[in-house]
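Everything on this sheet refers to the single structure shown next.
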Amino acid sequence: MRTGITFDDVLLVPRRSDVLPDEVDVHTQLTPHIRLNVPMVSAAMDTVTEARMAIAMAVEGGVGVIHRYLPPEEQAEEVRRVKRYESGVIKDPFTLTLDEPVWKALQLMREKHISGVPIVDAQGRLEGLITRRDLQFQADLDEPISQVMTPREKLITAPVDIDLEKAKEILHEHRIEKLPLVDVNFKLQGLITIKDISKASEHPHACKDERGQLIVGAAVGTLLDLKREELLLEAEVDFFVVDTAHGHSKRVLEKVRLLKRAFPEIDVMAGNVATSQATLDLIDAGADAIKVGIGPGAICTTRVIAGIGVPQLTAILDCAQAAEDAGIPITADGGIRSSGEIVKALAAGASSVMLGGLLAGAEEAPGELFTLRGETYKTYRGMGSVSAMKSAQDQERRYFWDQTKEPIAEGVEGRVKYRGKLADVLYQLIGGLKVGMGYVGAPDLATLRETAEFIQITHASVIESHPHDVHITKEAPNYRFEDRAS
Ligand code: XMP
232 MRTGITFDDV
242 LLVPRRSDVL
252 PDEVDVHTQL
262 TPHIRLNVPM
272 VSAAMDTVTE
282 ARMAIAMAVE
292 GGVGVIHRYL
302 PPEEQAEEVR
312 RVKRYESGVI
322 KDPFTLTLDE
332 PVWKALQLMR
342 EKHISGVPIV
352 DAQGRLEGLI
362 TRRDLQFQAD
372 LDEPISQVMT
382 PREKLITAPV
392 DIDLEKAKEI
402 LHEHRIEKLP
412 LVDVNFKLQG
422 LITIKDISKA
432 SEHPHACKDE
442 RGQLIVGAAV
452 GTLLDLKREE
462 LLLEAEVDFF
472 VVDTAHGHSK
482 RVLEKVRLLK
492 RAFPEIDVMA
502 GNVATSQATL
512 DLIDAGADAI
522 KVGIGPGAIC
532 TTRVIAGIGV
542 PQLTAILDCA
552 QAAEDAGIPI
562 TADGGIRSSG
572 EIVKALAAGA
582 SSVMLGGLLA
592 GAEEAPGELF
602 TLRGETYKTY
612 RGMGSVSAMK
622 SAQDQERRYF
632 WDQTKEPIAE
642 GVEGRVKYRG
652 KLADVLYQLI
662 GGLKVGMGYV
672 GAPDLATLRE
682 TAEFIQITHA
692 SVIESHPHDV
702 HITKEAPNYR
712 FEDRAS
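With my numbering applied, the sequence shown closes on residue 717, and no number is skipped along the way.
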């Protein structure tokens with residue numbers, strides 16, 4: 232019998248290095264046609280990836296996979312939102328109406344950290360704009376907005392398809408900070424602000440398609456009617472992920488074959504699997520990328536309730552080796568708790584990592600934000616948890632056992648600490664990855680993979696690896712109290 236190992240069972244041995252962490256290149260192939268500038272993918276879960284997360288991921292150089300626990304039309308709309316996103320342009324600005332009181336505008340600006348709000352009528356036509364400046368000396372906060380705002384006759388607006396350079400010129404020429412975008416009927420279609428334009432130029436690593444739109448993936452199940460897929464393609468999705476708990480099964484193999492036959496131009500990632508044979512079979516069926524991980528996830532109970540799984544590092548090593556000859560990339564999905572484990576997964580042969588729990592605390596994750604005993608959290612739940620299974624709109628996901636009984640769950644519901652903006656979370660993770668590459672002298676991920684030397688360690692070493700014999704009084708942004716070894 233073999234022994235399986237996971238991230239905590241190994242360390243990477245340092246090597247002579249001629250590269251500094253800030254010099255390393257972390258670009259990778261997610262699939263043969265999709266290149267990422269950062270090897271990170273946000274998980275296809277309803278508390279991790281919808282449009283907002285996918286936009287933030289792609290802007291930072293990674294990518295998001297929109298989960299499939301939504302009706303097909305809604306999932307396609309999430310994809311469309313990502314594809315329509317243009318940094319610098321707010322497509323759905325917050326708005327208020329003419330007769331609302333001034334205090335509402337102040338409240339909205341405070342809550343959403345914005346400095347101005349377009350005012351619209353019931354049909355969504357632009358009537359005016361209210362900014363912080365208009366409210367500076369306002370004493371009566373119950374006065375209607377219409378009395379205080381800049382009315383439409385005095386507003387500078389632009390057509391919805393204006394390009395950013397031209398918009399910049401207009402903002403500059405009129406010395407204004409906000410430019411509402413309208414259609415021929417004067418319906419509000421977006422807003423360009425000076426702040427967002429300057430932020431847009433700060434994202435040179437964004438992952439975009441050849442038309443300059445952000446890259447996004449969508450999870451699909453094993454239904455063979457392809458209605459969901461057609462809608463996703465209409466929304467211009469870049470790749471599919473056949474997202475299942477057991478990728479080495481007849482239905483998944485059939486679905487991969489069908490997708491490749493129906494849409495040969497679209498890359499298909501398939502999973503999840505944990506063995507070489509499963510990897511080979513999926514590749515044989517036409518998969519362009521393989522997702523690896525059975526039961527390692529933070530919210531997974533598959534290994535406990537079914538007794539099934541392969542420790543994640545062994546799974547990555549086995550699947551990556553099997554996929555190597557075919558040149559098919561693999562994504563390590565689940566169980567990653569720190570940047571060090573990202574380094575280990577990539578060194579073991581993964582081309583990218585999929586992250587759930589590590590990103591669920593980001594502001595852009597759809598999970599609910601709440602406070603408990605003075606700490607701020609976001610909800611994070613397994614897609615095989617009781618609540619997710621019961622609320623799933625996707626018929627396929629509805630439980631196939633007795634519907635009147637509690638489902639046989641394979642995951643739990645929980646919470647993770649709120650971690651602020653995704654960009655800051657990723658900054659720490661990418662930074663840690665680059666530090667790791669610096670220690671082994673790898674200027675890029677291919678070299679990391681080729682030259683990595685793992686050393687297997689004992690439980691005593693795991694304890695030694697973490698802070699010990701000290702009472703931690705302050706968390707670091709990349710090391711929390713709960714990260715301690717137990
Ligand atoms: P992490 O550890 O990053 O894992 O939070 C995220 C991955 O976990 C998988 N997943 C599940 N696995 N039961 C499982 O056994 C579940 O309910 C469940 N929900 C998600 C999935 O692969 C995800 O990307």
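Beta carbons are placed, not taken as given, at the ideal position from N, Cα and C, and that holds for glycine.
The structure displayed is predicted, hence computed values, not measured ones.
The ligand XMP and residue i: does the residue's C-beta get closer than 7 Å to at least one heavy atom of that ligand?
i	result
Cys-737	With the chain covering 232 to 717 only, the question about residue 737 has no answer from this structure.
Ala-274	yes
Glu-641	yes
Ile-561	no
Leu-679	no
Ala-476	yes
Ile-521	no
Cys-550	no
Ala-616	The question names Ala, yet the displayed sequence has Ser at residue 616. At least one heavy atom of the ligand XMP is nearer than 7 Å to the Cβ of Ser-616, so yes.
Gly-566	yes
Thr-237	no
Gly-421	no
Leu-589	yes
Ala-593	no
Leu-586	yes
Compute the beta-carbon to beta-carbon distance between residue i and residue j, rounded to the nearest angstrom, for a pair I have assumed lies under 8 Å.
i	j	result
Val-473	Lys-486	5 Å
Thr-326	Val-348	6 Å
Ala-466	Val-310	4 Å
Gln-719	Arg-459	Lying outside 232 to 717, the shown extent of the chain, residue 719 is not represented and no answer is given.
Tyr-608	Arg-568	Tyr-608 to Arg-568, Cβ: 17 Å. No contact.
Val-391	Gln-420	4 Å
How big is the Cα-Cα spacing for residue i and residue j?
i	j	result
Pro-527	Lys-335	46 Å
Gln-260	Gly-448	14 Å
Pro-718	Met-668	Given that the chain is displayed from residue 232 to residue 717, the structure contains no residue 718 and the question cannot be resolved.
Gly-565	Pro-375	52 Å
Thr-678	Ser-480	34 Å
Gly-662	Leu-590	15 Å
Ala-576	Ala-563	7 Å
Asp-655	Thr-635	44 Å
Ala-557	Ala-501	15 Å
His-264	Ile-446	11 Å
Leu-301	Gly-598	15 Å
Ala-520	Glu-555	11 Å
Asp-515	Arg-604	52 Å
Ile-561	Ile-428	36 Å
Arg-233	Leu-242	20 Å
Lys-399	Ile-425	8 Å
Asp-625	Leu-657	Legend: pLDDT at Asp-625 = 46, less than 50; position of this residue unreliable, value from coordinates given subsequently. Going from the Cα of Asp-625 to the Cα of Leu-657 covers about 31 Å.
His-697	Ser-583	25 Å
Arg-312	Ile-321	11 Å
Glu-641	Ser-618	11 Å
Thr-602	Ala-593	15 Å
Met-288	His-403	30 Å
Can you tell which of the options has its C-alpha closest to the C-alpha of residue i?
i	options	result
Tyr-710	Gly-672, Asp-556, Ala-654 and Lys-648	Lys-648
His-258	Arg-246, Val-272 and Gly-502	Val-272
Asp-277	Tyr-611, Ala-529, Asp-249 and Ser-248	Tyr-611
Phe-470	Lys-458, Val-574, Asp-440 and Arg-482	Asp-440
Ala-596	Val-523, Leu-267 and Ala-274	Ala-274
Leu-422	Ser-569, Glu-317, Ala-593 and Thr-704	Glu-317
Asp-714	Thr-532, Lys-665 and Gly-571	Gly-571
Asp-394	Gly-319, Asp-365, Leu-462 and Arg-488	Gly-319
Tyr-670	Ala-578, Ala-691 and Thr-704	Ala-578
Asp-352	Glu-342, Glu-291, Leu-484 and Arg-383	Arg-383
Measuring only between beta-carbons, confirm whether residue i sits less than 8 Å from chain B.
i	result
Ala-282	Of the chains in the structure shown, none is chain B; there is only one protein chain.
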